[in-house]
Amino acid sequence: MIFEQVRRGGCLSYLIGCPETRSAILVDPELDAIDQYVALAAEKGLRIRYLLDTHTHADHFTATRELSGQLGLPVVMHRNSAAPFADLRVEDGETLIVGKLRLQVLETPGHTNDSISLLMTDRVLTGDALLIGGTGRTDLPTGDPEVLYDSLFDKLLRLPDQLLVFPAHDYKGRSQSSIGVERTGNPRLQQRDRAAFVELMRGLDIAMPQHLTEALRTNRSGGKTVHQLIAEAARGIAFMSMEELCSHVEQGEQKLLLLDVRDRESFRAGHLPNAYNIPRGELELRADRELPDPTKRILTLCQFGKVSILAAHTLRAMGYPRAIALDGGLDAWLKAGHVLAERT
Ligand code: FE
């Protein structure tokens with residue numbers, strides 16, 4: 501078996517391949533690392549056949565939907581998953597065949613109601629049900645400590661001691677454990693009484709993950725992250741560098757329309773000479789009247805260089821093919837030692 505663990509911060513993804521057929525499955529991939537997985541599969545001579553999420557993640561953005569679109573592959577998730585993009589829904593005991601490998605699905609809910617583990621001959625991927633020296637939390641949406649108790653004590657801990665354990669997270673740099681080691685050493689599993697375990701889990705006070713709402717929203721719905729929307733818009737436009745803008749401003753260039761898309765108050769507090777203000781939110785509705793020349797070159801400006809990307813992209817979509825954005829935004833302009841002299 502070809503078995504690659506990809507660590508990104510505390511998140512662990514897995515590329516598992518059949519050495520004979522070169523088919524592979526990618527488990528719990530993260531959106532930011534798409535190119536890394538595809539490159540790794542190529543480097544190992546593998547062709548990915550399945551994308552799988554062990555559960556609906558609340559702490560990072562899944563790459564399964566995006567990769568599914570790019571590579572034309574099925575997304576495997578538990579039957580209970582809310583994600584509309586999951587097209588191969590599995591249940592307890594079912595087997596996924598990847599080349600000559602067999603991966604058996606174990607329902608291990610509790611961290612979420614759609615958590616699964618993947619059992620192979622010598623190892624098990626436990627998602628966020630069983631972690632090294634810990635367990636998944638049960639205080640996020642669809643989590644339930646009673647249900648997790650059953651998954652741990654009646655399912656995972658009944659597996660053979662020598663079976664290797666590979667979780668979806670580890671924040672201390674550890675890469676693997678075994679059922680036996682966890683059975684005897686995992687502090688949360690020493691509490692074998694159900695009520696005591698549930699009380700222990702309910703009593704945990706763990707910080708909420710960063711991006712919780714956005715991760716749940718996008719992972720459950722197949723919607724896009726803000727970062728994705730901006731990156732997609734950025735791929736559809738060109739940019740102007742600060743140096744280039746400087747020379748335009750110095751020459752008092754009239755052929756370039758400087759379109760400041762910040763709110764009115766920020767614009768009034770200081771802006772570039774000859775800049776014109778239409779806040780991003782009003783752009784579509786005011787364009788006809790105030791930007792009558794679609795052949796004009798338009799440079800969009802904002803504070804941090806993100807809203808201006810969306811604005812330039814919108815303008816292009818509306819029929820202003822020469823809309824571009826300032827690379828870096830006005831913040832970069834100020835940091836480069838320039839001033840926003842004009843006030844109105
Ligand atoms: Fe999780």
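Whatever position you read off the sequence shown (first residue = 1), add 500 for our numbering. Ideal placement from N, C-alpha and C gives every residue a C-beta, glycine not left out.
Query, Result
"Can you give the beta carbon distance from Y514 to D528, rounded, assuming they're within the 8 Å contact cut?", "7 Å"
"Could you name each continuous beta strand (DSSP E) segment of 3 residues or more that falls completely within the region 549-612, going from the start of the chain to the end?", "575-578, 588-590, 595-598 and 601-607"
"Once you ignore the five residues that flank E530 on each side, which residues in its own chain have a CB closer than 8 Å to its CB?", "R508, C511, S513, H560, F561, T562 and A563"
"Name the DSSP bridge partner or partners of S766?", "Paired residue(s): none; S766 is not in a bridge."
"Work out the CA separation of G599 and A811 for me, nearest whole Å.", "47 Å"
"On the three-state DSSP scale, how would you describe P667?", "strand"
"Tell me which same chain residues have a C-beta within less than 7 Å of the C-beta of W833, skipping the five on either side of it?", "M742"
"Pull up the CB-CB distance for V761 and P773, whole angstroms please, since I reckon it's below 8 Å.", "With 8 Å as the limit, V761 and P773 do not qualify as a contact, their Cβ atoms being about 17 Å apart."
"Which residues mark the beginning and the end of the beta strand (DSSP E) in which G627 is found?", "R623 to G627"
"Could you name the residues of the same chain whose beta carbon sits closer than 8 Å to that of A520, not counting the 5 residues immediately before and after it, in chain order?", "Sequence check: residue 520 is Glu here, not Ala. Only G599 and K600 meet the Cβ criterion."
"Looking at the structure shown, is M818 part of a helix, part of a strand, or coil, going by DSSP?", "helix"
"In its own chain, which residues sit with a C-beta less than 8 Å from the C-beta of D644, not counting the 5 before and 5 after it?", "P609, G610, N613 and T638"
"For the putative contact between G805 and A825, defined by C-beta atoms under 8 Å, what is the C-beta separation to the nearest angstrom?", "7 Å"
"Can you tell me which of the three DSSP states A823 falls into?", "strand"
"Looking at C-alpha atoms only, which residue of D831, L716 and M818 is the closest neighbour of A583?", "L716"
"Pick helix, strand or coil for G517, following the three-state DSSP scheme.", "strand"
"Please report the residue range of the beta strand (DSSP E) in which F503 lies.", "I502 to R508"
"My understanding is that V506 touches L551, with C-beta atoms under 8 Å, so please give their C-beta distance in whole angstroms.", "Wrong, their Cβ atoms sit about 14 Å apart, outside the cutoff."
"Considering Cα atoms alone, identify which of E699, T595, G569 and H555 is closest to D628.", "H555"
"Where I502 and D705 are concerned, what is the direct C-alpha to C-alpha distance, given to the nearest angstrom?", "38 Å"
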